[in-house]
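>
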Amino acid sequence: MPRLLPLLCLTALLAAPAAAQQIGTVASSEPTLRGTPPGAATRTLAIGTGLVQDETVASSASGRGQLLFLDQSTLTLAPNTTIVLDRFVFDPATGAGEMGLRLTEGALRFIGGTLSRGQEATITTPTASIGIRGSTTLVLHRGSETYAIFIAGDRLCITVGGTRSCTSRQGGVLGPGGYMGSVSGAFLADLLRLLDGLPPLGPGSGPGTGIGGPNPSDRGPVSPEGEEFDPALFDDDAFVNFLMEVLGGGSGGEGG
Amino acid sequence: MAFALSRVLPTCTALAVAATLALAGPAAAQAPALESQRQAVFAQLLAAPADRALMLQYARLSVQLRDFEAAAATLERFVDLEPRNVGARIELAIAYFALGAYDVAAYHLAAAEASGALTPEQAAQVARYRDETAERDAPQQLQGFVALGRGWTREADLQGGFGSAALEWRIDLGDRHATQWVTALSYAAYLPGEQTFSQREVTRLRSGPEFRLAGDAYGPRLQPYVELTWLREDSVFFTDGYDSVAIGLAYQNPIDARWTVYADLQAGEADPVNSFSQGFRFHDARLGAGYRPSRDTRIRATLGWRQEDFDFGLVETTHSLRIEAQHSFDIGGGALRGALPRNWEVGAFVQRAVVEEDFGFFTSETTDTLYGGALRAYVTEAVFLDLRGGRMERDFGFGFVQTETFYGVQIGWEF
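In order, the protein sequences belong to chains X and G. Letter by letter, the first sequence follows residues 1 to 256 in full-length UniProt numbering. Letter by letter, the second sequence follows residues 1 to 415 in full-length UniProt numbering.
#1: Tell me whether G:N85 is buried or exposed, calling it buried when 16 or more other Cβ atoms sit within 10 Å of its Cβ.
#2: Would you give the residue range spanned by the beta strand (DSSP E) that G:T74 belongs to?
#3: How would you list, in chain order, the residues of chain G whose beta-carbon sits under 8 Å from the beta-carbon of X:S144?
#4: Can you look up G:D216 in the DSSP assignment and give me helix, strand or coil?
#5: Measure the alpha-carbon distance for G:L65 versus X:R219 and round it to whole angstroms.
#6: Please classify X:G106 as buried or exposed, where buried requires at least 16 other C-beta atoms within 10 Å of its C-beta.
#7: What are the residues that DSSP puts in a beta bridge with X:F239?
#8: List the endpoints of the continuous alpha helix (DSSP H) containing G:H108.
#9: Kindly identify the DSSP beta-bridge partner or partners of G:Y407.
#10: Taking G:Y407 as the query, report the chain X residues whose CB atoms sit under 9 Å from its CB, ordered along the chain.
#11: Which of the three DSSP states is assigned to X:D190 in this structure?
#12: Are any of the Cβ atoms in chain X nearer than 7 Å to that of G:A125?
#13: Could you give the DSSP three-state label for X:I151: helix, strand or coil?
#14: Just reading off the alpha helix (DSSP H) that G:T133 is part of, what are its end residues?
#15: Measuring only between beta-carbons, confirm whether G:H327 sits less than 7 Å from chain X.
#16: Any beta carbon from chain X within less than 7 Å of G:T260's own beta carbon?
#17: Hey, does residue 417 of chain G have any beta-carbon neighbour from chain X nearer than 7 Å?
#18: Buried or exposed: which applies to G:P120, given that a residue is buried once 16 or more other Cβ atoms fall within 10 Å of its Cβ?
#19: Nearest CA to the CA of X:T146: which residue from X:E55, X:T136, X:V84, X:Y179?
#20: Any beta-carbon of chain G closer than 7 Å to the one on X:I151?
#21: Going by the DSSP bridge assignment, what does G:Y190 pair with across the sheet?
#22: Assuming X:A90 is part of the beta strand (DSSP E), what are its boundary residues?
#23: Go through its chain and collect everything with a Cβ distance to G:T366's Cβ below 7 Å, but skip five positions before and after it.
#24: Is it buried or exposed, X:T167, if we count other Cβ atoms within 10 angstroms and call 16 or more buried?
#25: State yes or no: is the beta carbon of G:A95 nearer than 7 Å to at least one beta carbon in chain X?
#26: Starting from G:V60, trace the alpha helix (DSSP H) both ways and give me its first and last residue.
#27: For residue 465 of chain G, which option in X:F234, X:N241, X:P224, X:F88 has the closest C-alpha, if you only look at C-alpha atoms?
#28: So which residues on chain G does X:R43 lean against when the C-beta distance must stay under 9 Å?
#29: The alpha helix (DSSP H) with residue 258 of chain X in it runs from where to where?
#30: Between G:Y371 and G:F349, which are expected to be in contact by the criterion C-beta below 8 Å, what is the C-beta distance as a whole number of angstroms?
#31: Flag this pair as yes or no: are the beta carbons of G:P42 and G:E414 separated by less than 7 Å?
#32: Tell me whether X:S116 sits in a helix, a strand or coil according to DSSP, three-state version.
#33: Find out if the Cβ-Cβ distance for the pair X:G39, X:L67 is shorter than 7 Å.
#34: Sort X:G65, X:V26, X:R133 by Cα distance to X:L194 and report the nearest one.
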């Protein structure tokens with residue numbers, strides 16, 4: 001039995017990551033993405049590998065990956081990016097919980113799920129803390145500076161040196177000095193190419209999600225929660241006014 | 001024909017309201033079922049995240065549930081797995097377009113166009129979306145419509161032309177919350193063919209900054225504004241009307257995907273154009289709630305209150321309630337494709353208003369009940385044909401009820 005004890009301990013340690021509660025899964029990985037669960041050895045993350053709380057995920061100089069979380073958030077990692085999944089609590093029944101991660105270097109795209117709609121999801125870097133609510137955002141940390149770009153949703157905030165700045169402008173950039181203006185098309189394209197690689201396009205039909213017709217809709221944008229503004233709320237009803245005019249005055253005839 | 005139309009109008013209105021509500025009901029009831037279906041697909045997706053069929057099913061359900069962010073996330077993963085699929089990239093661009101992420105949509109549309117792999121249909125689609133994306137991302141936006149038509153009244157036996165136009169100009173003020181200066185100009189004219197009732201023209205200009213009160217893109221918005229109105233009525237005898245100036249606050253808050261609350265409060269003063277007419281001060285308040293059971297259906301209920309204090313002592317107070325419903329639909333393919341316009345809108349309204357006139361020594365009260373319906377067909381993306389009818393009953397409170405039925409047709413151009 002004494003001889004078996006170290007073996008049992010080793011088995012228990014190796015089993016620890018698998019026993020820990022899964023918070024998400026690897027949705028794509030090219031060519032290599034590595035994960036280090038707490039107290040366990042580094043492993044290669046293939047598509048379908050489960051992710052656990054406090055796991056460190058790193059992409060190589062040529063690696064990329066997408067992670068899918070239980071609350072339906074999606075995280076895309078650029079090459080040379082390291083994150084720690086240090087806070088993920090999610091109750092699927094109520095949709096309540098919280099989400100937080102650390103970005104120690106690199107760039108990522110965060111597309112929010114259930115958790116970031118109820119309250120802010122947070123991404124901390126060595127120099128800043130980013131709060132994301134109902135939002136899709138791009139975050140870049142290089143050297144000692146952090147930049148975040150608001151893509152869609154409700155609001156994006158950054159706290160640097162105790163000062164918090166927010167933007168709700170689509171394409172708005174937050175950086176060390178707070179709000180920095182709108183992102184340039186060239187910078188955005190560079191960042192998207194960094195995250196997704198050059199698009200090697202070829203022929204193909206769409207997956208048929210029913211997302212859009214052949215012509216753009218004349219409707220305004222929709223929030224991740226389906227909220228829309230009604231552009232016709234304060235419009236005059238010329239037709240009713242005409243009807244009133246026929247009878248003269250009354251409830252539609254302004255000025256008696 | 002006029003008689004027949006007026007007889008069927010109440011029925012048509014009731015049917016239009018009922019049809020809109022009937023269309024709205026199943027859409028609202030369907031959402032929980034769709035959501036549980038989506039959750040079931042997601043559970044499978046977690047076990048098999050690269051399963052294309054599951055991804056597409058999940059994206060489709062997300063679109064049906066108006067969750068375009070989830071659709072975009074799924075399409076991002078799909079494009080990552082199938083980077084050569086240009087059709088998937090176009091759908092990804094459209095998902096970002098729906099979310100108002102026009103910069104990112106433009107990036108994917110440009111990439112799709114640069115691929116050289118588009119079919120003629122895809123190329124046309126991408127070109128249209130790129131144009132629209134550039135327009136919406138511009139620091140200034142102009143949109144509006146012009147419509148001309150002809151109307152008939154049954155009881156008064158009148159007919160004449162009427163026209164309306166509106167222009168909205170939005171200027172991005174460049175701040176971190178994308179505050180916009182919004183100027184809206186509207187014009188409506190009723191030009192009777194006979195001289196038995198007045199020609200009437202109303203021009204209205206409203207301008208002011210629109211703020212995001214909570215700093216959220218989809219939170220409450222408030223527009224303090226100045227509004228100028230010019231109203232002219234020309235009869236055979238004289239020209240009447242007034243010029244007014246008002247200050248006001250317009251508020252709108254989409255609480256969630258279904259409910260929006262709104263308010264419009266204003267106070268102003270009107271000067272008559274004739275020395276024999278009286279000026280008046282006015283206060284106006286409208287409070288309302290909108291309900292959207294689906295993206296294509298809107299139902300609004302608005303409570304109104306308006307008081308006009310005339311220089312000669314008359315105080316006129318109006319209380320009103322208006323309920324209106326609108327539904328857009330696409331007749332799609334099938335046997336009717338090509339024979340009929342593709343996009344349609346049906347709408348109906350019911351309104352009741354009580355007008356009290358207090359002369360100090362004498363008061364009177366009239367009650368107006370209005371209802372009507374409209375059907376609009378988009379002959380092209382921008383040109384529409386509009387048929388509408390309405391009826392009003394005015395009860396003077398001493399046993400006398402005046403009625404009028406109106407129906408009209410108009411053609412318009414949206415830009």
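No residue lacks a Cβ here, since even glycine has one placed at the ideal position from N, Cα and C.
For this structure:
#1: buried
#2: It is not in any beta strand (DSSP E) - G:T74 instead sits in the alpha helix (DSSP H) that spans 68 to 81.
#3: Those within 8 Å of X:S144 in chain G number zero; the least Cβ separation is about 23 Å.
#4: coil
#5: 16 Å
#6: buried
#7: Beta-bridge pairing links X:F239 to no other residue.
#8: 102 to 114
#9: G:W152, G:G389
#10: Going along chain X, no residue has its Cβ under 9 Å from G:Y407, so there is no contact; the nearest lies around 10 Å.
#11: helix
#12: The question names Ala, but residue 125 of chain G in the sequence shown is Gln. Yes, because at least one Cβ of chain X sits closer than 7 Å to the Cβ of G:Q125.
#13: strand
#14: 120 to 136
#15: no
#16: yes
#17: For residue 417 of chain G there is no data in the structure shown, the boundaries of chain G being 1 and 415.
#18: exposed
#19: X:Y179
#20: yes
#21: G:F162, G:R200
#22: Rather than Ala, the amino acid found at residue 90 of chain X in this sequence is Phe. Residues 82 to 91.
#23: V355, R394, D395, F396, G397
#24: buried
#25: yes
#26: The question names Val, but residue 60 of chain G in the sequence shown is Arg. Where G:R60 is concerned, the enclosing alpha helix (DSSP H) stretches over 52 to 64.
#27: This structure leaves residue 465 of chain G out entirely; chain G is present only between 1 and 415.
#28: Ordered by position in chain G, no residue passes the 9 Å Cβ test against X:R43, which lies about 17 Å from the chain.
#29: Outside the displayed span of chain X (1 to 256) sits residue 258 of chain X, for which this structure offers no information.
#30: 7 Å
#31: Checking the displayed sequence, the identity of residue 42 of chain G turns out to be Phe instead of Pro. No. Outside cutoff.
#32: helix
#33: no
#34: X:G65
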